[in-house]
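S.K.:
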Amino acid sequence: MEGYDGHLEWESDANKVSVNLLDNSKNFELSYSCESVALHQRNTLHVKLLNIKESPEVAKEALLIAICIGSRPLVELILTLFRDFPHEERSGCSNAPGFLPHITPLMLACILNNFAIVQCLLLRGHSIDLPHHSTCRRLLLIGLTNRLGMQICVDAMRAVCSEAFLWLATDDPFAAACSLSQDIALCMDNDTFEFMVSDTYRALYNNLQRFTCRVIENNWRMEELDIFLAHKCHCPLSSCSSPYPRIQMALEARMRSFAGNPNVQQAMSCIWFRGWGNFGSNAARDSYRVLRHVILYPVLAVLYIATNGRVLNFMLLLYSVLASGIAIEAYCYLYIVGIIVERYIQFSRYGFQASCTVTSLQPSWDYFLIYDIYLCTGCILGLSRVFYFIQLIKGVGGSVISVGRCVSTIYNYLIVMVVIMLSFAVGVNLLVTPYLNSVMALNNGWDLHSSVFITIRNKFWALFGYLDPGLYPIINGNSGPDQAPVKHKITSFALELLLALYHGIIVITILNLMVSLLVKKADEVLENEESEFKYTRVAIYSEYIAWSSAVPPPFNLLYIVKEMLQKLICDARGESCKPALFDQNASHRENNEIFRRISRRVNALRYRILLTQRYLVQKKLAENTA
Numbered sequence: 001m002e003g004y005d006g007h008l009e010w011e012s013d014a015n016k017v018s019v020n021l022l023d024n025s026k027n028f029e030l031s032y033s034c035e036s037v038a039l040h041q042r043n044t045l046h047v048k049l050l051n052i053k054e055s056p057e058v059a060k061e062a063l064l065i066a067i068c069i070g071s072r073p074l075v076e077l078i079l080t081l082f083r084d085f086p087h088e089e090r091s092g093c094s095n096a097p098g099f100l101p102h103i104t105p106l107m108l109a110c111i112l113n114n115f116a117i118v119q120c121l122l123l124r125g126h127s128i129d130l131p132h133h134s135t136c137r138r139l140l141l142i143g144l145t146n147r148l149g150m151q152i153c154v155d156a157m158r159a160v161c162s163e164a165f166l167w168l169a170t171d172d173p174f175a176a177a178c179s180l181s182q183d184i185a186l187c188m189d190n191d192t193f194e195f196m197v198s199d200t201y202r203a204l205y206n207n208l209q210r211f212t213c214r215v216i217e218n219n220w221r222m223e224e225l226d227i228f229l230a231h232k233c234h235c236p237l238s239s240c241s242s243p244y245p246r247i248q249m250a251l252e253a254r255m256r257s258f259a260g261n262p263n264v265q266q267a268m269s270c271i272w273f274r275g276w277g278n279f280g281s282n283a284a285r286d287s288y289r290v291l292r293h294v295i296l297y298p299v300l301a302v303l304y305i306a307t308n309g310r311v312l313n314f315m316l317l318l319y320s321v322l323a324s325g326i327a328i329e330a331y332c333y334l335y336i337v338g339i340i341v342e343r344y345i346q347f348s349r350y351g352f353q354a355s356c357t358v359t360s361l362q363p364s365w366d367y368f369l370i371y372d373i374y375l376c377t378g379c380i381l382g383l384s385r386v387f388y389f390i391q392l393i394k395g396v397g398g399s400v401i402s403v404g405r406c407v408s409t410i411y412n413y414l415i416v417m418v419v420i421m422l423s424f425a426v427g428v429n430l431l432v433t434p435y436l437n438s439v440m441a442l443n444n445g446w447d448l449h450s451s452v453f454i455t456i457r458n459k460f461w462a463l464f465g466y467l468d469p470g471l472y473p474i475i476n477g478n479s480g481p482d483q484a485p486v487k488h489k490i491t492s493f494a495l496e497l498l499l500a501l502y503h504g505i506i507v508i509t510i511l512n513l514m515v516s517l518l519v520k521k522a523d524e525v526l527e528n529e530e531s532e533f534k535y536t537r538v539a540i541y542s543e544y545i546a547w548s549s550a551v552p553p554p555f556n557l558l559y560i561v562k563e564m565l566q567k568l569i570c571d572a573r574g575e576s577c578k579p580a581l582f583d584q585n586a587s588h589r590e591n592n593e594i595f596r597r598i599s600r601r602v603n604a605l606r607y608r609i610l611l612t613q614r615y616l617v618q619k620k621l622a623e624n625t626a
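Read in full-length UniProt numbering, the sequence shown has 512 at position 512, and its numbers run on one by one without any break.
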């Protein structure tokens, strides 16, 4: 249900007085029509108010008309008349000609985005039933998979996606927006009538994207931004260990506009650089950092796994062993250098030819050969991962991102191509199998240009890379007194026809379709290059900030196992799960932890109220300016 916005906007900066007579007549007709609609609604409302005691349906229709007018005092006046039937004010009007039966007062107020009326209805206990997806079993059981059920779902989505509902009816507007974004994406993918409401779903999805941006823009100070992004309420348990779990929630909901916001980019950059923010001011310090974190990183990763960042500093109850980090690192480096020298001496003694001879005499299933295969594959994949970090470079990152999106499109093409190749392979195999064991003796060789027909046929197959149908053995032996070759021309013609059809489908149709899809996908990415680059950068930052990426593969396998055991045995502070057996002050620390959690929640609630007030003030200023 769409209502009158309440004001007219000029689309240009032209003088509002010096307009032609045609524009004046159109504006007059528009203003007259709007005034007549408003006058008609008021007259209808007066009639309903006079007959409101006849039935609750009349009262509900009058309430819906008052909501369309947009006057909260009038809505409050009509709500006081529901004392005779208090339970009827929360349902829709079944007999109203201008409203659908499932449109409730709160749903209509949310669709019109009237904050005052939505607040009034929420204080009186109104609510909206969340819709089911088209794939929901309950929806299939109650039989709402028809067009009426689709309309109910769409209107409910329009109501719960409104800014008034998100700010006033939810305890966490940002988490609600992320959840609704995922629900709308599901509706767009699975809805039976998606082609009828695709524009509505897309508009709601874009509104949620803009809403999350306005939420993050209302954080004016870094303290507020840090509290908002670090708030763990409604976040998945797997992302609670991250410094900013709200960003991970936005990435899971594909909130590209939120990820590209300057506040989010600045917050993630601060975590990403950490102590490296002054990189470039001291050459010696920068060289040492690069040496430790690039060349010597495998050794440091192993030490990090064994000591949890503290070199041989084990938290044991009876004793603790302390050792110098420089001594252990020097021992590891000397050990690696010794292995390299040993291998070099052996290579110098036997030589390159001898080592190759030993390798060539090994069986195909030898462990060392399999090791070489995996090593080569790992080197290729490791070097190709450089493109993953190139995405962080603003100039080149857009091209790499477009290539990655094109690869995802190629997967769909490959699935279709495999199905087509499999079907033709089965058919051709059934056609050629009876001739596989036949032998035919030829008197002379095959002439590629013996006739016009043969020449045209070879030129045709050369167009597709010269897949000669003569490669397929259509042979039935020799017969007759002169032992002439027996040719099954109908089978050969059917085989060539199948191959021609195959090439026509694969090369002409599927290949060109894939090229057009790749061009379209690349244009989409390059058109939104700025937002795609920012979203990808935040995604890469979030991935490497996660605890599972503390050390590189394959050392991360050991680290993950060690962290899992530590989380099972110890709590978040590295202490035993039963500290009361060893520490008498455990209850005091638990009370302090509970107090800190309550303080964080109180601060989050206070900042949420502050964000709502700032948003309402900005909305009112925008309306006054318009």
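From the three backbone atoms N, C-alpha and C, an ideal C-beta is built for every residue, glycine too.
1) Just to confirm the assignment: which complete alpha helix (DSSP H) runs, minimum length 4, are found wholly within the stretch 225-295?
2) When the Cβ atoms of the stretch 109-124 are set against those of the stretch 152-166, are three or more pairs found closer than 8 angstroms?
3) Buried or exposed: where does residue 631 fall if 16 or more other Cβ atoms within 10 Å of its Cβ makes it buried?
4) Quick check for students: name the residue ranges of the alpha helix (DSSP H) that lie wholly in the UniProt domain "Transient receptor ion channel" (151-196), counting only runs of 4 or more.
5) DSSP three-state call for A546: helix, strand or coil?
6) Compute the beta-carbon to beta-carbon distance between A604 and H231, rounded to the nearest angstrom, for a pair I have assumed lies under 8 angstroms.
7) Indicate the three-state DSSP secondary structure (helix, strand or coil) for Q566 in the structure shown.
8) Does DSSP classify A604 as helix, strand or coil?
9) Helix or strand or just coil, what does DSSP make of A38?
10) What residue range is occupied by the uninterrupted alpha helix (DSSP H) comprising T80?
11) According to DSSP, simplified to helix, strand and coil, what is I103?
12) Give every residue of the same chain whose Cβ lies closer than 7 angstroms to the Cβ of N218, excluding the five residues on either side of it in the sequence, and list them in chain order.
13) In its own chain, which residues sit with a C-beta less than 6 angstroms from the C-beta of G397, not counting the 5 before and 5 after it?
14) At the level of alpha carbons, what is the spacing between A500 and N412?
15) Would the stretch 415-432 and the stretch 503-520 be scored as touching if the rule is three or more Cβ pairs under 8 angstroms?
16) Can you give the Cα-Cα distance for Y607 and C240, rounded to whole angstroms?
17) Given that a residue counts as buried once 16 or more other Cβ atoms are within 10 Å of its Cβ, and exposed if not, what is G504?
18) Using the rule of at least 16 other Cβ atoms within 10 Å of the residue's Cβ for burial, across every protein chain shown, is L375 buried or exposed?
19) Using the rule of at least 16 other Cβ atoms within 10 Å of the residue's Cβ for burial, across every protein chain shown, is H87 buried or exposed?
20) Exposed or buried, which one is Q248 when buried takes at least 16 other CB atoms within 10 Å?
21) Are the Cβ atoms of C379 and L518 separated by less than 7 angstroms?
22) At what residues does the alpha helix (DSSP H) containing Q119 begin and finish?
23) What residue from A203, L558 and C178 has the CA that sits closest to M188's CA?
24) Taking V507 as part of the alpha helix (DSSP H), name the residues at either end of that continuous run.
25) Just tell me which of W220, E224, P105 and L422 has its CA closest to the CA of F165.
26) Rounded to a whole number of angstroms, what is the C-alpha to C-alpha distance between L186 and S238?
27) Give the secondary structure of E57 by DSSP, where H, G and I count as helix, E and B as strand, and everything else as coil.
28) In this structure, how does DSSP classify L526 when only helix, strand and coil are distinguished?
29) With C-beta atoms as the reference, is F99 less than 7 angstroms away from L64?
30) Considering only the alpha carbon of each residue, which of L300, D199, F424 and E252 lies closest to Y559?
31) Suppose the cutoff is 7 angstroms on Cβ atoms and the five residues either side in sequence are ignored; what does the same chain contact list for I506 look like?
M.R.: Let me lay it out:
1) 245-252, 256-259, 262-273 and 283-290
2) yes
3) Residue 631 cannot be examined here, being either before or after the span of the chain that is shown, 1 to 626.
4) 163-168 and 173-190
5) For the purposes of this step, residue 546 is taken as the residue at position 546 of the sequence shown. It is coil, neither helix nor strand.
6) Taking the first residue of the sequence shown as position 1, residue 604 is located at position 604. Taking the first residue of the sequence shown as position 1, residue 231 is located at position 231. Between H231 and A604 the Cβ distance is about 5 angstroms, and since that is below 8 angstroms, they are a contact.
7) Here residue 566 corresponds to residue number 566 of the sequence shown, with the count starting at 1. In the structure shown, Q566 sits in a helix (DSSP, three-state: H, G or I).
8) As a working note, residue 604 is residue 604 in the sequence shown. The answer is helix: DSSP assigns A604 an H, G or I state.
9) The residue given as residue 38 occupies position 38 in the sequence shown. The predicted model places A38 with a pLDDT of 46, which falls under 50 and marks its position as unreliable; any figure quoted below should be read in that light. Three-state DSSP puts A38 in a helix.
10) Indexing the sequence shown from 1 puts residue 80 at position 80. Here the alpha helix (DSSP H) through T80 covers R72 to T80.
11) By 1-based counting over the sequence shown, the position of residue 103 is 103. If DSSP states are grouped into helix, strand and coil, I103 belongs with coil.
12) Taking the first residue of the sequence shown as 1, we reach residue 218 at position 218. Correct list, in chain order: L611, R614 and Y615.
13) On the sequence shown, position 397 is the one that residue 397 refers to. Cβ within range, chain order: Q391 and F533.
14) Taking the first residue of the sequence shown as position 1, residue 500 is located at position 500. Taking the first residue of the sequence shown as position 1, residue 412 is located at position 412. Rounded to whole angstroms, A500 to N412 spans 23 angstroms at the Cα level.
15) yes
16) Reading the sequence shown from its first residue, position 607 is the one you call residue 607. Reading the sequence shown from its first residue, position 240 is the one you call residue 240. Cα to Cα, Y607 sits roughly 20 angstroms from C240.
17) Your numbering for residue 504 matches position 504 in the sequence shown. With fewer than 16 other Cβ atoms within 10 Å, it is exposed.
18) Counting from 1 along the sequence shown, the entry for residue 375 is found at position 375. It counts as exposed.
19) Reading the sequence shown from its first residue, position 87 is the one you call residue 87. So H87 counts as exposed.
20) Residue 248 sits at position 248 when you count from the first residue of the sequence shown. Counting Cβ neighbours within 10 Å, Q248 comes out buried, since at least 16 surround it.
21) Within the sequence shown, residue 379 is the residue found at index 379, counting from 1. Within the sequence shown, residue 518 is the residue found at index 518, counting from 1. Going by C-beta atoms, C379 is not nearer than 7 angstroms to L518.
22) For this step, residue 119 is matched to residue 119 along the sequence shown. Looking at the DSSP string, the run of the alpha helix (DSSP H) that includes Q119 is F115 to L123.
23) Here residue 188 refers to the residue found at position 188 when the sequence shown is read from its first residue. Ranking A203, L558 and C178 by Cα distance to M188 puts A203 first.
24) The sequence position of residue 507 within the sequence shown is 507, counting from 1. Run containing V507: none; DSSP gives neither H nor E here.
25) Indexing the sequence shown from 1 puts residue 165 at position 165. Taking only the C-alpha atoms, the option nearest F165 is P105.
26) On the sequence shown, residue 186 is found 186 positions in, with the first residue counted as 1. On the sequence shown, residue 238 is found 238 positions in, with the first residue counted as 1. So the two alpha carbons sit approximately 22 angstroms from each other.
27) If you number the sequence shown from 1, residue 57 lands on position 57. The answer is helix: DSSP assigns E57 an H, G or I state.
28) Within the sequence shown, numbered from 1, the residue matching residue 526 stands at position 526. The answer is helix: DSSP assigns L526 an H, G or I state.
29) Taking the first residue of the sequence shown as 1, we reach residue 99 at position 99. Taking the first residue of the sequence shown as 1, we reach residue 64 at position 64. Result yes, Cβ atoms of F99 and L64 sit closer than 7 angstroms.
30) The residue given as residue 559 occupies position 559 in the sequence shown. Ranking L300, D199, F424 and E252 by Cα distance to Y559 puts L300 first.
31) Against the sequence shown, residue 506 aligns to sequence position 506. M417 and I420, listed in sequence order.
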